[in-house]
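> Heads up: the protein sequence lines correspond to chains H and D, in order. Take 0 as the starting number for the first sequence in the working numbering and just add one per residue. Take 17 as the starting number for the second sequence in the working numbering and just add one per residue. Beta carbons are placed, not taken as given, at the ideal position from N, Cα and C, and that holds for glycine. Here's a structure for you.
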Amino acid sequence: MKNATRKFTLAAAATALVGFAGQAQSAPFFIGKMIFTAKSGTCDWDPVGNRTHVRFAPANVGDNGTDSSLSMFDDWGGAGLSLLGGSFNTTLQSVRYYDVWIGAYEQTGAKVKFSSQTPATIAATTPLVNVTGQIQGVIGGQLCTVNFRMSLVRAVN
Amino acid sequence: MKAAFSFVLIATAIFTAGSAEAAPRYDGALVVFAKSGTCPDYNPVGEQMFVRFRPGGIGDNPANTGFTFKWGNGGYSLTVPGAITNSFKTGTLTSMFDYAGTGLADIKFSSQIPATILTTTQWVYAVGSITDFDGMVGCTVTFRMSAVKRLN
């Protein structure tokens, strides 16, 4: 079941990761999946039911900085949202938004809120984060608002 | 500003009609955070994988449980009779890398939230272990995984 090619890839990845080992637990980030559960407004396409990989780094936890960062990916593209100098909460807040699809785009007007988050306070050792929330102005187009839920586990490195 | 990021392509690919509620399936991520035994090929601690999970016997799901864990370029699918419980259960393992392989592996969930999965359960979190991880006989890994319920 093993194969040399993949082993080589993993060995390379492992080597690369060793370089970051020092910051491991102290700058926690989470990986998981997001699913779009509903939409409202005028949407250019229907994102409901779509699932994306997500990576999330909450602000001010461990050695993390003061920005909250959330990225979503499929196999062929991705988008990154940063809430500068704050944490996601139950109020829609403006975020910096870039995506990579064909070329690179910065889009203005994006807003995000977390309607619920478990646990309410994330610590450097928190293993699991569950969130329901809303993204406005980018997914499905500028006039579209989507609801999502996501579930993530803390990465080891 | 024209072609803003579009998940529309995945939608087209994934979307089928949905009685998902009655046959809950989950999509998520897994992180290996510990190992025991001997893992001769590489240290799997820190591995991040994608997960698909179809809990057995819930709603219209078949009795057996499907648990797929994969990287972007290959992976494994484990089929276990009944539910995954807190004691090791042997499942049939299928791999897909340069070629298709078959084998056996044991899996358990030491803990699971929620303890009981219903057809309406929106997400599942588990800490568990898999034996003979990634073809390394004698290598048991412990992981945490979380997954959200699909709509379709």
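When DSSP labels each residue in this structure, what does F113(D) get in the three-state scheme?
In this structure, F113(D) counts as coil in the three-state DSSP scheme.
> Which residues bound the beta strand (DSSP E) around D45(H)?
No beta strand (DSSP E) holds D45(H); DSSP gives it neither H nor E.
> Within its chain, find whatever has a CB closer than 6 Å to the CB of Y104(H); leave out the 5 residues flanking it on each side and keep chain order.
Hits under 6 Å: D98.
> Alpha carbons only, please: which of G108(H), I101(H), D73(H) is nearest the one belonging to L82(H)?
When each option's Cα is compared against that of L82(H), the closest is G108(H).
> Measure from the alpha carbon of S39(H) to the alpha carbon of each residue in Q135(H), A154(H), L151(H), then state which is nearest.
Selected option, being the one with the closest Cα: Q135(H).
> Would DSSP call A154(H) helix, strand or coil?
In this structure, A154(H) counts as coil in the three-state DSSP scheme.
> Taking DSSP as the reference, what is the three-state secondary structure of F149(D)?
Residue state, collapsed to three classes: helix.
> What did DSSP end up calling A58(H) once you bin it into helix, strand or coil?
Coil at A58(H), not helix or strand.
> For D114(D), count the other beta carbons within 10 Å of its own beta carbon; 16 or more makes it buried, fewer makes it exposed. Which is it?
Exposed, by the Cβ-count rule.
> What are the partner residues of N146(H), as DSSP defines its beta bridges?
Its beta-bridge partners are A37(H), Q133(H).
> Let me see if you follow: with CB-CB separation under 7 Å, is R54(H) close to chain D or not?
No, R54(H) does not count as interfacial toward chain D.
> Would you tell me roughly how many angstroms separate the C-alpha atoms of Q128(D) and I101(H), rounded to the nearest one?
Going from the Cα of Q128(D) to the Cα of I101(H) covers about 40 Å.
> Where does D62(H) land, buried or exposed, given buried means 16+ other C-beta within 10 angstroms?
Under this definition D62(H) is an exposed residue.
> Using the three-state DSSP reduction, which class does A26(H) fall into: helix, strand or coil?
If DSSP states are grouped into helix, strand and coil, A26(H) belongs with coil.
> Cα-Cα, which of I74(D), T54(D), L109(D), T135(D) is closest to K86(D)?
Looking at the Cα atoms, L109(D) is the closest of the given residues.
> When Cβ atoms are compared, which residues of the region 108-141 of chain D fall closer than 9 Å to chain H?
Residues passing the 9 Å Cβ filter: L109, S111, F113, D114, Y115, G117, T118, G119, I129, Q138, W139, V140, Y141.
> Spatial neighbours of T158(D) within its chain, please: C-beta separation below 6 Å, excluding the five flanking residues on both sides.
Excluding positions up to five away in sequence, the list reads A50, S145.
> Among all the DSSP beta bridges, which residues are the ones paired with T158(D)?
Per DSSP, A50(D), S145(D).
> Leaving aside the five residues before and after A142(D) along the sequence, list all residues of the same chain whose C-beta is less than 6 Å from its C-beta, in chain order.
The residues are F125, Q128, M161.
> L167(D) lies in the beta strand (DSSP E); which residues open and close that run?
Run containing L167(D): none; DSSP gives neither H nor E here.
> A103(H) by DSSP, collapsed to three states: which one?
In this structure, A103(H) counts as strand in the three-state DSSP scheme.
> Quick one: which residues of the region 35-53 of chain D get their C-beta closer than 8 Å to a C-beta of chain H? List them in chain order.
Answer in chain order: D43, G44, A45, L46, V47, V48, F49.
> Measure how close the beta-carbons of A99(D) and G73(D) come, nearest whole angstrom, since I'm counting them as under 8 Å.
Confirmed, Cβ separation roughly 6 Å.
> For Q116(H), would you say it is in contact with chain D, using Cβ-to-Cβ distances shorter than 7 Å as the test?
Not closer than 7 Å to any Cβ of chain D, the Cβ of Q116(H) fails to qualify, so no.
> R68(D) CB to nearest chain H CB: under 7 Å?
Judged by the 7 Å Cβ criterion, R68(D) is not in contact with chain H.
> Using three-state DSSP, classify A78(H) as helix, strand or coil.
A78(H) falls in the strand class under three-state DSSP.
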